[in-house]
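Those protein sequence lines, which keep their order, are chains E and F.
FYI, the working numbering numbers position 49 of the first sequence as 49, with every residue one higher than the one before it.
Numbers in the working numbering are just positions in the second sequence, counted from 1, shifted up by 1000.
Below: the structure, in structure tokens.
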Amino acid sequence: MKNMLEHTGIEPGRLHFSWISSAESTKFVDVVKKITEEVKALDPHKKFVKTEPKVD
Amino acid sequence: MTIYTDKIKEIAKRVLAEGKVDMVIGFRKGTMPMMNQPLYATSAESADELIWDSSCGINLANYVTDKKGSIGIVAKGCDSRNIVTHVIENKIKRDQLYIIGVPCTGMIDHHKINAMFDGEILNVEESGDTLTISGSGFSEKVIKTDVLRQNCAVCTHRNPVIYDELAGELVAEQKNVDPYASVKTVEAMSADEKWNYFEDLLSSCIRCYACRNACPLCYCPTCFVDESRPQWVGKSQDPTDVRTFHLLRAYHCAGRCTDCGACERVCPMGIKVREFTKKLNKDCLELYGWEAGLSLDDRPPLDTFKTDDPQNFIK
């Protein structure tokens, strides 16, 4: 999934996967912090966004 | 490859007469040049219509899905791999099938040939490795290997992987071809270049879903694009919707696609839709050492778990 999306032009670092048990609250916080930082560094997402209907 | 025609007819008539099969699925001459049609032959007379040439690019495995009774099917390399995939996925039983294997030397690309000539092509004659293409005011000979479909040019499984009978001698498999050259070109680009490359690629898509219909893997009773509750993907021509469709279509083929090229052949706009599935095929090969449809005994990587499955994407 990640490979393919990045292959078609989504920036590496925008998509993350993690496995966190419901008991691992600290891991959850760490992962969320890390992801937020990485995604913020990439600037707002412009690809795959629908703006207004395309009319030809 | 036209020499196979007589042998295919002979086998088809024999198995029909012996009552081994209720019908034989093969090709007959199409009403337009380079457009052979699938044929369900149920009698000796209809079996006489069967032919074989370099325009049999449709994947016949598409027509055995969930069929009852016993069926003879003419299968080139990729068709046979899709039959294996069908058997693995319980869409047909192996003992229902009598597979007439056809060693293949590649199919021609009608998009490419049409683009070579200004006028309409009215006839294509094949003899050995040469094609004579003619229309009003022109008649030209081309070498078949120059006009092969891209997936045939890089094919490494030309011989059928399973068959009950062969319609000709096995052919030499191609070595020294890189099936993933086009994927590697894209992989070398930056994220923005990749994005624009696929944006260009899909810009002419009209959402006709011919790629899905021709694909032997797409056999769901209701396709995700036709669902309206919930509606998984927007139905508009918006580039976001178009891309979502192509990405999801490709994912549904992950670990199952045999690169038969049926999707690309039927695209009325000539879009290289294989650019998506090829990437997934390459990943499957690199991550799991898997190529679809080669053996009836192995389960596909996406429906098994092994402790050494790559997991480095999980943080």
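All residues carry an ideal CB built from backbone N, CA and C; glycine is no exception.
Asked: Listed by chain order, chain E residues near Asp-1178 of chain F by CB distance under 8 Å; Found: What Asp-1178 of chain F touches in chain E: nothing, since even the nearest Cβ is about 17 Å away.
Asked: Listed by chain order, chain E residues near Glu-1264 of chain F by CB distance under 9 Å; Found: Neighbours of Glu-1264 of chain F on chain E: none; closest Cβ ~17 Å, over 9 Å.
Asked: Val-31 of chain E to Ser-18 of chain E span [Cα, whole Å]; Found: 8 Å
Asked: Reference Ser-1070 of chain F, options F:Asn-1114, F:Phe-1117, F:Glu-1018, closest by Cα; Found: F:Glu-1018
Asked: Residues that Ser-18 of chain E contacts on chain F, provided the C-beta gap is smaller than 9 Å; Found: Ile-1314, Lys-1315
Asked: Coil, strand or helix - Phe-1027 of chain F by DSSP; Found: strand
Asked: Contact set between the segment 1266-1293 of chain F and chain E, restricted to residues whose Cβ is under 8 Å from the partner; Found: Phe-1276, Lys-1279, Leu-1280, Asp-1283
Asked: Residue-level contact to chain C via CB, Thr-1304 of chain F, 7 Å cutoff; Found: No chain C appears in the structure shown, which is made up of the protein chains E and F.
Asked: Same chain, Cβ closer than 6 Å to Asp-1298 of chain F, neighbours up to 5 away in sequence not counted; Found: none
Asked: Beta-carbon proximity of Glu-1165 of chain F to Ile-1073 of chain F, cut-off 7 Å; Found: no
Asked: Chain E contact for Ala-1191 of chain F (CB, 7 Å cutoff); Found: yes
Asked: Contact set between the segment 1217-1229 of chain F and chain E, restricted to residues whose Cβ is under 7 Å from the partner; Found: none
Asked: Contact check, Ala-1250 of chain F vs Leu-1287 of chain F, beta carbons under 7 Å; Found: no
Asked: With 16 other Cβ atoms within 10 Å as the buried cut-off, status of Ile-1143 of chain F; Found: exposed
Asked: Among F:Val-1154, F:Ile-1113, F:Glu-1049, nearest to Gly-1135 of chain F - alpha-carbon criterion; Found: F:Ile-1113
Asked: Closer than 8 Å at the beta carbon, the chain E residues around Trp-1195 of chain F; Found: Thr-8, Gly-9, Ile-10, Lys-47
Asked: Any C-beta of chain E under 7 Å from that of Thr-1240 of chain F; Found: yes
Asked: Beta carbon of Arg-1081 of chain F nearer than 7 Å to that of Gly-1261 of chain F; Found: no
Asked: Residue span of the alpha helix (DSSP H) that contains Ala-1262 of chain F, given as start and end; Found: 1262-1266
Asked: Buried versus exposed, by CB contacts within 10 Å (16 or more), Ile-1003 of chain F; Found: exposed
Asked: Validate contact between the segment 1086-1093 of chain F and the segment 1056-1068 of chain F using beta carbons, cut 8 Å, 3 pairs; Found: yes
Asked: Where Gln-1150 of chain F sits in the DSSP three-state scheme; Found: helix
Asked: Closer than 7 Å to chain E by CB, Phe-1198 of chain F; Found: yes
Asked: Counterpart residues of Gln-1037 of chain F in DSSP-defined beta bridges; Found: F:Arg-1028
Asked: Stretch-stretch touch, CB-based, cutoff 8 Å, three pairs: the segment 1251-1259 of chain F with the segment 1208-1226 of chain F; Found: yes
Asked: 7 Å Cβ cutoff met for Lys-1194 of chain F and Tyr-1098 of chain F; Found: no
Asked: Test item: CB-CB of Lys-50 of chain E and Thr-1240 of chain F under 7 Å; Found: yes
Asked: Residue-level contact to chain F via CB, Lys-50 of chain E, 7 Å cutoff; Found: yes
Asked: Listed by chain order, chain F residues near Val-31 of chain E by CB distance under 7 Å; Found: Lys-1315
Asked: Three-state class that DSSP yields for Glu-1286 of chain F in the structure shown; Found: helix
Asked: Given Val-1186 of chain F as reference, the closest of F:Val-1177, F:Asp-1259, F:Glu-1173, F:Asp-1200 once Cα atoms are compared; Found: F:Asp-1200
Asked: Closest by C-alpha distance to Ser-1182 of chain F, when choosing among F:Ile-1051, F:Lys-1278, F:Leu-1302; Found: F:Lys-1278
Asked: At least three beta-carbon pairs within less than 8 Å, the segment 1222-1241 of chain F to the segment 1202-1214 of chain F; Found: yes
Asked: Proximal chain E residues relative to Leu-1247 of chain F, where beta-carbon distance stays under 8 Å; Found: Met-4, Leu-5, Thr-8
Asked: Within chain E, the residues that Val-1186 of chain F reaches when beta carbons sit closer than 7 Å; Found: His-7
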